[in-house]
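These protein sequences, in sequence, are chains F and H. Each step along the first sequence adds one to the number in this note's numbering, with nothing skipped, and position 135 is 135. To convert, take the position in the second sequence, counting from 1, and add 1000; that gives this note's numbering. Glycine included, every Cβ here is placed at the ideal spot set by N, Cα and C.
Number of protein chains: 2
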Amino acid sequence: MTYALLQGLRVVESSAFVAAPLAGLTLAQHGADLIRIDRIGGGIDYGRLPRMPDGRSLYWTGLNKAKRSIAIDLDRPEGRELVRSLVGAPDAAGARGGVLLTNIGTPWLAHELLRARRADVITCTIQGHGDGGTAVDYTVLCATGYPAVTGGATPARPVNQVLPAWDIACGYHAAFAVAAAVERRQRSGHGAELKLALSDLAYAMLSHLGVLAEAELLQQDRPSIGNHVYGAFGRDFATADGPRVMVVGISATQWRALVAACDVGAAVAALESRTGFDLSDEAQRFEARDAIAALLEPWFAARAHAEVARVLDEHRVCWGSYRTPREALREDPRLGLSNPIFERIATPGVGTHLAAGVALRLADEPRRPARPAPLLGTDTDEVLHDVLGLAAGEVGRLHDAGIVAGPERDPTVKPR
Amino acid sequence: MTYALLQGLRVVESSAFVAAPLAGLTLAQHGADLIRIDRIGGGIDYGRLPRMPDGRSLYWTGLNKAKRSIAIDLDRPEGRELVRSLVGAPDAAGARGGVLLTNIGTPWLAHELLRARRADVITCTIQGHGDGGTAVDYTVLCATGYPAVTGGATPARPVNQVLPAWDIACGYHAAFAVAAAVERRQRSGHGAELKLALSDLAYAMLSHLGVLAEAELLQQDRPSIGNHVYGAFGRDFATADGPRVMVVGISATQWRALVAACDVGAAVAALESRTGFDLSDEAQRFEARDAIAALLEPWFAARAHAEVARVLDEHRVCWGSYRTPREALREDPRLGLSNPIFERIATPGVGTHLAAGVALRLADEPRRPARPAPLLGTDTDEVLHDVLGLAAGEVGRLHDAGIVAGPERDPTVKPR
């Protein structure tokens, strides 16, 4: 499902990889008309794994749902001119344009060139480093210190996290920046040149989470604590027969629920009187984490997963099961059609599959169906007509000259 | 530094933990007047680790920079009424109010109660699960499959990531949702009831990244590949004397730069002819990742970190060094005052320290200084006066009755 929150906003996206496409997806699934500028034949990430047997990328089609695609030869001046025209096109009835989202800092698409066409243009460029250096999620992650404390790692044997967390944060942050700039333009008429660097975002987060002040003022780095939660109690436990479970007792309520569910009240009291810890204090629960885990382990180890689940839910413990995506699809009702954020869509070149619309829920507002990713150039003619007002003859000339292309030139479309 | 993008927007926040405070911080650092509703004495996360020796939390002060704090007794009807009045207060000159951000789904602060006061109210509630169940970052993470493939983990021995990535994504997504709803209200006059669940966001991301379609259509879960990057080439390497480095060759340009920097062109060609791989294709680089890593390892192992850095930079390789936060503070110029996103601020109860404003950069727009987190109730009188128009006598009565408090009641303030 998607919502029409940003209805009538037109955004041009020229992007690759995760952050910028995710920002565009977020805007698109919240109602913006998102026009992707695609290279004829596909850009740098069009074939990224995983792929269907016929070659279509499930990564690309996942991140580019709900967008329109115009395929353009970006190496030729006339193609580049088309892109600038699309960004600079004036507002029309019900269409507020003049927004570019990109992670490709190319001189022919510079902010000042676009501003010359449209004084209130908003451009949002996602960068690696703020000083112009190249970086991706992984090369930023290593500099944040997290791999040195993940999974019992040491600085000499770091463990990279697999989720592209900085890319994801950057994508949502960029979507926020665009929405905030559009809101200001609505009030003031001013455009904006926005830049957001992956490493700036990661380093800012170290400040926001207190990690930086801890390093500077307390002269300490976070400890490497395996699967424990930092600062309170939380850890994973094996059940007798099924998947492991993660349980947390961060708040006092969560902690009391966990103690009650596992029936360790007496043992916890004995631990407190033996050690002097006051386990109603979250910081002391963190200090005593290994002793607490030792008390809980037998309870989980003696019970089947189904019973563990039942008792934890009865006591309203905050917990979850470890699952692979295939297991989650089979076993977690929240990941399927009983959750309204999901529906089945038909993606060209992929087939029919479960897909998510927006995670956001708007009470009492109509949901609109999620739309799949296009083939490259699916919307070429339509975009040229309805944004630039080109007549059929001119559109035909651009095709004949190889400046634009339709979906038949998508390399994942098999010749009939 | 912060920017006045959302100047004049007034947001009331009642929150704890990471996601909702981060959303509020994002709005505040982009110019919104963010009023935190704090419990007298502090809420559930006010003492969260890490803490200064005197007890002030560096986590809390990191996430609550740039906000105003009003301390209220939320267990008493008159206190709750004050909160509803603050959210429902009408717009004034230069102040657009009527926005609540929270992760505390409490009946006395329900959307319909607020809408009765102000028809265009926007509320944004961050939840654990969309069905009302409790969840935190860690209990959502385990259900996404990532811990089963992190750091060479297996489903039976999962590895939790330490960065609260879902909280962070949720915080920025919520900030986006508020900005988008405010933009719509600006155009249409309509309010909105927004809900965003941590697990919905995580599961939607599995769809957006192609993981879900891979599980459903290809019947495969991601492999557990240690520190390798999925889908292309990227891994960490030990240098002769210093920190490990992460290098990637995701795009063709990055790959060519890496091969040239490490002078392995001939060895790569030999590997290609021996194995039949075409390593100009990123997916084949992924397949051949171990063989590629074996070619590169000796080059890194034979060189000091400083030389590795110099040569990689000369060739414009995409790379980074593994560092702890303390090492990054000492050695990475991007994490310090030479980066304009950072400045030194003085946080009450903490001292003077390096802190980040917004990661976003707006060209040609004035930066405003970053503001520290308040003590609980620092702004109680000011907020009662300028938002609710209460006279000094009425403010005094509320203090005397214990309904509100000033910063002297903050438990981290030492009696003089």
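Looking at chain F, which residues of the region 1200-1224 of chain H have a Cβ within less than 8 angstroms of any of its Cβ atoms?
-> Hits within the stretch, in order: 1200, 1201, 1203, 1204, 1205, 1206, 1207, 1208, 1209, 1210, 1211, 1212, 1213, 1214, 1215, 1216, 1217, 1218, 1219, 1220, 1221, 1222.
Can a CB atom of chain H be found closer than 7 angstroms to the CB of residue 169 of chain F?
-> Counting from one through the first sequence, the residue named residue 169 of chain F turns up at place 169. The beta carbon of residue 169 of chain F sits closer than 7 angstroms to some beta carbon of chain H.
Tell me whether the beta-carbon of residue 236 of chain F lies closer than 7 angstroms to the beta-carbon of residue 304 of chain F.
-> Within the first sequence, residue 236 of chain F is the residue found at index 236, counting from 1. Within the first sequence, residue 304 of chain F is the residue found at index 304, counting from 1. Note that the C-beta distance between residue 236 of chain F and residue 304 of chain F is not below 7 angstroms.
Under 7 angstroms Cβ-Cβ, which residues of chain F neighbour residue 1353 of chain H?
-> In the second sequence, the residue the question calls residue 1353 of chain H occupies position 353. The answer, in chain order, is 213, 216, 217.
Members of the region 52-79 of chain F near chain H, C-beta cut-off 9 angstroms = So the list reads 52, 53, 57, 58, 59, 60, 61, 62, 63, 65, given in the order they occur along the chain.
Do you know offhand how far residue 1159 of chain H's Cα is from residue 1059 of chain H's?
-> Looking up residue 1159 of chain H in the second sequence gives position 159. Looking up residue 1059 of chain H in the second sequence gives position 59. Distance between the alpha carbons of residue 1159 of chain H and residue 1059 of chain H is about 24 angstroms.
Do the region 395-409 of chain F and the region 1125-1142 of chain H make contact, defined as three or more Cβ pairs closer than 8 angstroms?
-> At 8 angstroms Cβ cutoff, the stretches do not touch.
Apart from the five residues on each side of it in sequence, which residues of its chain come closer than 8 angstroms, Cβ to Cβ, to residue 337 of chain F?
-> The count along the first sequence starts at 1 and reaches residue 337 of chain F at position 337. These residues qualify, in order along the chain: 343, 344, 354.
Taking C-beta to C-beta, are residue 376 of chain F and residue 8 of chain F nearer than 7 angstroms?
-> For the purposes of this step, residue 376 of chain F is taken as residue 376 along the first sequence, with counting starting at 1. For the purposes of this step, residue 8 of chain F is taken as residue 8 along the first sequence, with counting starting at 1. The criterion of a C-beta distance shorter than 7 angstroms is not satisfied by residue 376 of chain F and residue 8 of chain F.
Report the neighbours of residue 1129 of chain H on chain F: residues whose CB is nearer than 9 angstroms to its CB, in chain order.
-> As a position in the second sequence, residue 1129 of chain H is number 129, starting the count at 1. Listed along chain F are 334, each with a C-beta nearer than 9 angstroms to that of residue 1129 of chain H.
What does a CB cutoff of less than 7 angstroms around residue 1117 of chain H pick up in its chain, not counting 5 residues either side in sequence?
-> Reading the second sequence from its first residue, position 117 is the one you call residue 1117 of chain H. So the list reads 1084, 1088, once near-sequence residues are dropped.
Quick one: which residues of the region 1311-1343 of chain H get their C-beta closer than 7 angstroms to a C-beta of chain F? List them in chain order.
-> Residues passing the 7 angstroms Cβ filter: 1316, 1318, 1319, 1320, 1321, 1322, 1323, 1324, 1325, 1326, 1328, 1329, 1332, 1334, 1335, 1339, 1341.
Leaving aside the five residues before and after residue 1308 of chain H along the sequence, list all residues of the same chain whose C-beta is less than 7 angstroms from its C-beta, in chain order.
-> For the purposes of this step, residue 1308 of chain H is identified with residue 308 of the second sequence, where counting begins at 1. For residue 1308 of chain H, where only same-chain residues beyond five positions count, the Cβ hits under 7 angstroms are 1239, 1245, 1300.
Among F/232, F/209, F/323, F/210, nearest to residue 250 of chain F - alpha-carbon criterion | As a first step, residue 250 of chain F is located in the first sequence; it is residue number 250 there, counting from the start. Closest option to residue 250 of chain F, Cα to Cα, is F/232.
Anything in chain F within Cβ reach of residue 1172 of chain H, meaning under 7 angstroms, just list it in chain order.
-> Residue 1172 of chain H sits at position 172 when you count from the first residue of the second sequence. Neighbours of residue 1172 of chain H on chain F, chain order: 169, 172, 173, 176.
Quick one: list the residues of chain H neighbouring residue 161 of chain F, beta-carbon separation under 7 angstroms, in chain order.
-> As a position in the first sequence, residue 161 of chain F is number 161, starting the count at 1. Counting only Cβ-Cβ distances below 7 angstroms, residue 161 of chain F has contacts in chain H at 1150, 1161, 1163, in chain order.
Go to residue 324 of chain F, then tell me how far its beta strand (DSSP E) extends in each direction, as first and last residue.
-> On the first sequence, position 324 is the one that residue 324 of chain F refers to. Neither: residue 324 of chain F is in no beta strand (DSSP E) and is coded neither H nor E.
Which residue comes first and which comes last in the alpha helix (DSSP H) that contains residue 408 of chain F?
-> Sequence index remark: in the first sequence, residue 408 of chain F carries index 408 (1-based). For residue 408 of chain F, no alpha helix (DSSP H) segment is defined, and its DSSP state is neither H nor E.
Go ahead and pull the three-state DSSP assignment for residue 353 of chain F.
-> Counted from its first residue, the first sequence places residue 353 of chain F at position 353. Strand at residue 353 of chain F.
Spatially closest choice to residue 71 of chain F from F/339, F/175, F/15, by CA coordinates = On the first sequence, residue 71 of chain F is found 71 positions in, with the first residue counted as 1. Out of F/339, F/175, F/15, F/15 has the C-alpha closest to the C-alpha of residue 71 of chain F.
Sheet register partners of residue 249 of chain F (DSSP bridge) | Mapped onto the first sequence, residue 249 of chain F falls at position 249. Paired residue(s): F/233.
Could you tell me the boundaries of the beta strand (DSSP E) in which residue 1361 of chain H lies?
-> In the second sequence, residue 1361 of chain H corresponds to position 361, counting from 1. From DSSP, the beta strand (DSSP E) with residue 1361 of chain H extends over 1360-1362.
CB-CB under 6 angstroms to residue 1312 of chain H, same chain, minus the five flanking residues each way: which ones, in chain order?
-> Counting from 1 along the second sequence, the entry for residue 1312 of chain H is found at position 312. Counting only Cβ-Cβ distances below 6 angstroms, and skipping sequence neighbours, we find 1261, 1319.
With 9 angstroms as the limit, tell me which residues of the region 1261-1290 of chain H have their beta carbon closer than that to any beta carbon of chain F; keep them in chain order.
-> Of all residues in the region 1261-1290 of chain H, 1281, 1282, 1283, 1286 have a Cβ within less than 9 angstroms of some Cβ in chain F.
What's the call for residue 127 of chain F, buried or exposed, on a 16-neighbour Cβ count within 10 Å?
-> On the first sequence, position 127 is the one that residue 127 of chain F refers to. Buried is the call here.
Would you identify the three-state DSSP class for residue 170 of chain F, choosing helix, strand or coil?
-> The residue you call residue 170 of chain F lines up with position 170 of the first sequence. The three-state reading of DSSP puts residue 170 of chain F in helix, counting H, G and I together.
Would you please verify whether the beta carbon of residue 1145 of chain H is less than 7 angstroms from any beta carbon of chain F?
-> Numbered from its first residue, the second sequence carries residue 1145 of chain H at position 145. True, the Cβ-Cβ gap to chain F drops below 7 angstroms.
Who are residue 1332 of chain H's beta bridge partners in DSSP?
-> Here residue 1332 of chain H is taken as the residue at index 332 of the second sequence, counted from 1. Within the DSSP secondary-structure output, residue 1332 of chain H pairs in no beta bridge.
Neighbour-count burial assignment, residue 156 of chain F, 16 or more Cβ in a 10 Å radius | What you label residue 156 of chain F is simply residue 156 of the first sequence in a count that begins at 1. Under this definition residue 156 of chain F is an exposed residue.
4-residue-minimum alpha helix (DSSP H) runs that sit fully inside the region 1030-1116 of chain H, ordered along the chain | Those alpha helix (DSSP H) runs which fall completely within the region 1030-1116 of chain H and span 4+ residues are 1058-1063, 1077-1088.
Whose C-alpha, out of H/1258, H/1321, H/1346, is nearest the C-alpha of residue 1295 of chain H?
-> The residue given as residue 1295 of chain H occupies position 295 in the second sequence. Considering only alpha carbons, the answer is H/1258.
Note down, in chain order, all residues in the region 186-199 of chain F with a beta-carbon under 8 angstroms from any beta-carbon belonging to chain H.
-> So the close ones are 186, 187, 192, 193, 194, 195, 196, 197, 199.
Name the residue from F/210, F/192, F/396 whose alpha carbon lies nearest to the alpha carbon of residue 1360 of chain H.
-> What you label residue 1360 of chain H is simply residue 360 of the second sequence in a count that begins at 1. Comparing Cα-Cα distances from residue 1360 of chain H to each of F/210, F/192, F/396, the minimum goes to F/192.
Looking only at its own chain, which residues have a Cβ that is under 8 angstroms from the Cβ of residue 1302 of chain H, when we skip the five neighbours before and after it?
-> Walking along the second sequence from the start, residue 1302 of chain H turns up at place 302. Excluding residues within five positions, the ones whose Cβ falls inside 8 angstroms are 1240.
My guess is that residue 1109 of chain H and residue 1102 of chain H are in contact by the Cβ rule of under 8 angstroms, so how many angstroms apart are they, rounded?
-> By one-based count along the second sequence, residue 1109 of chain H stands at place 109. By one-based count along the second sequence, residue 1102 of chain H stands at place 102. At roughly 7 angstroms, the Cβ-Cβ gap stays under 8 angstroms, so residue 1109 of chain H and residue 1102 of chain H are in contact.
Tell me whether residue 1094 of chain H is buried or exposed, calling it buried when 16 or more other Cβ atoms sit within 10 Å of its Cβ.
-> As a position in the second sequence, residue 1094 of chain H is number 94, starting the count at 1. Label assigned to residue 1094 of chain H: exposed.
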